[in-house]
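Trainee: Numbering (the numbering used here), first residue to last: 1177 to 1425.
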Amino acid sequence: MTNSILKIDNLSKGFHAVRACENISLEINKNEVHALIGPNGAGKSTLIKLITGFLEQEYGKIFLDNQEISFLTPEERAQKGIARSFQVSSIINNFSVVQNIKLALIGKNKNYLDFLTNINLNKKLLKEAFYYLEEVGLNKKANELASSLSHGEKRKLEICIAISMAPKIFLFDEPMAGLDGESSELILQLFKKIKKRAPILLIEHDMDTVFSLADRVSVLDYGKVIVTGTVSEIKKNKTVKKVYLGTEH
Ligand SMILES: Nc1ncnc2c1ncn2[C@@H]1O[C@H](COP(=O)(O)OP(=O)(O)OP(=O)(O)O)[C@@H](O)[C@H]1O
Ligand SMILES: [Mg+2]
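(1) What is the residue span of the beta strand (DSSP E) that Leu1212 lies within?
(2) Measuring CA to CA, which of Ile1245, Thr1249, Met1341 and Gly1313 is closest to Lys1278?
(3) Could you pull out every residue in the same chain whose Cβ sits closer than 7 Å to the Cβ of Asn1207, ignoring the five residues on either side in sequence?
(4) Just how far apart, CA to CA, sit Ser1265 and Leu1355?
(5) If you count every other CB in all the chains shown that lies within 10 Å of the CB of Lys1332, and 16 or more means buried, which is it?
(6) What does the shell around ligand 2 hold, if a residue joins when its beta-carbon is under 7 Å from any heavy atom?
(7) If we ignore side chains and look at the alpha-carbon of each, how far apart do Gly1214 and Asn1296 end up?
(8) For Val1416, which option in Lys1400, Gly1399 and Val1395 has the closest C-alpha, if you only look at C-alpha atoms?
(9) If you drop the 5 nearest sequence neighbours on each side, which residues of the same chain put their C-beta closer than 7 Å to that of Ser1408?
(10) Nearest to Lys1344 by alpha carbon, out of Lys1284, Gly1257, Ala1193 and Phe1387?
(11) Mind checking whether the beta-carbon of Phe1387 lies closer than 7 Å to any heavy atom of ligand 1?
(12) Let me know the secondary structure DSSP gives Ala1318 once reduced to three states.
(13) Can you confirm whether Glu1361, when its beta carbon is compared against all beta carbons of chain B, has any partner nearer than 8 Å?
(14) With contact counted as at least three CB pairs below 8 Å, one residue from each stretch, are the region 1229-1241 and the region 1177-1186 in contact?
(15) Out of Gly1399, Arg1373 and Glu1380, state which residue places its alpha-carbon closest to the alpha-carbon of Ile1390.
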């Protein structure tokens, strides 16, 4: 029995002369927050795009819950339980907040497609949407247009869309980017809550956030994983200090 939910095996992708991801092997365990850190251009976002199927690997394999997903489309991978957020916003701006969640739920569960003609199904759909909105604290904004939300609230809505997919893993690429301190703190607290739902692979530059959320950390440099370890191992690691934190002390 393996403890991993996502297994990346020898994954590689280059862009002309740049080796963005080179022989990356990584396992994300059930119940863990796994942070992916590294300097700009290290290959973090490329790795997320390979996992979600927005880019195709040159070679290597990806397994979700022991099933190979390396050649599935992004939609098929999402159906199988990969929830991704923040590279391209998943929000539809001229829909209300609750309509955004209903749409995500219909996408996940095709049984909901009849909600327009079936009153009971519509009620069930609405109830489920509110369950998720309450989880992120957006229930009071349910009927407002998504476009009217603040920056921080939009992040919450994106997280809400992700959790409403009931995924096997969350992938977040710099979820705090562009947020002020207060909104970042709210998102951090939300992550501490939703990590109980599914493991998280988190790309984040802010080390305080990484160290307060992550169970394990992998460090990428020039497309390669240079070390994976617990937060305290990473804090002590000399190579990490040199490459990433810019100091050996
Ligand atoms: N579509 C593309 N075409 C050409 N080169 C690309 C493309 N996407 C990424 N790269 C290059 O691949 C390397 C890795 O980029 P990537 O965006 O994965 O880095 P990153 O670790 O996410 O960086 P950052 O912290 O700045 O977001 C960089 O050298 C980048 O310029
Ligand atoms: Mg990036």
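Just so it is clear, CB atoms sit at the ideal spot from N, CA and C, and this is done for glycine as well. Predicted model only: the values in this text are computed from it and were never measured.
Mentor: This is what the structure gives:
(1) Val1209 to Ile1213
(2) Met1341
(3) Pro1375
(4) 15 Å
(5) buried
(6) Lys1220, Ser1221, Asp1349, Glu1350 and Ile1379
(7) 49 Å
(8) Val1395
(9) none
(10) Gly1257
(11) no
(12) coil
(13) In the structure shown, chain B cannot be found, because there is only a single protein chain.
(14) yes
(15) Reading off the sequence, residue 1390 comes out as Ala, not Ile. The option with the nearest alpha carbon to Ala1390 is Glu1380.
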